[in-house]
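Novice: Quick one: the structure is below, and I'll ask about it shortly.
Numbering (the numbering used here), first residue to last: -6 to 70.
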């Protein structure tokens, strides 16, 4: 894989932008951009863990309804 490629900068509204060549594509739909001296570094956002997703959910407002009828016979799983 090529590690360096010359690209052109362009304007997208009031933002400066570049097109990322296919060989440098990042996974996902988001990235983190930060500056190191004169360099711009683009890194993929790591996928969120299941624990992080569950922690971000709002608690349920409603209580679960009571179970009116229990199974008449034991259920074998």
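All C-beta atoms in this analysis are idealised placements derived from N, C-alpha and C, irrespective of residue type, glycine included.
Going by DSSP, name the residue or residues bridged to residue 35.
Specialist: Your numbering for residue 35 matches position 42 in the chain shown. Looking at the DSSP output, residue 35 sits in a beta bridge with 26.
Novice: Am I right that residue 24 and residue 38 are in contact with their C-beta atoms under 8 Å? What's the rounded C-beta distance?
Specialist: Counting from 1 along the chain shown, the entry for residue 24 is found at position 31. Counting from 1 along the chain shown, the entry for residue 38 is found at position 45. Contact between residue 24 and residue 38 is confirmed by a C-beta separation of about 6 Å, below the 8 Å threshold.
Novice: Where does residue 15 fall in DSSP's three states?
Specialist: By 1-based counting over the chain shown, the position of residue 15 is 22. Here residue 15 sits in helix by DSSP.
Novice: Taking only the alpha-carbon atoms, compute the straight-line gap between residue 30 and residue 49 and give it to the nearest angstrom.
Specialist: One-based indexing of the chain shown puts residue 30 at position 37. One-based indexing of the chain shown puts residue 49 at position 56. Rounded to the nearest angstrom, the two C-alpha atoms are 34 Å apart.
Novice: Can you grab the Cα-Cα spacing for the pair residue 21 / residue 56, in whole Å?
Specialist: The residue given as residue 21 occupies position 28 in the chain shown. The residue given as residue 56 occupies position 63 in the chain shown. Using only the alpha carbons, I get a separation of about 36 Å.
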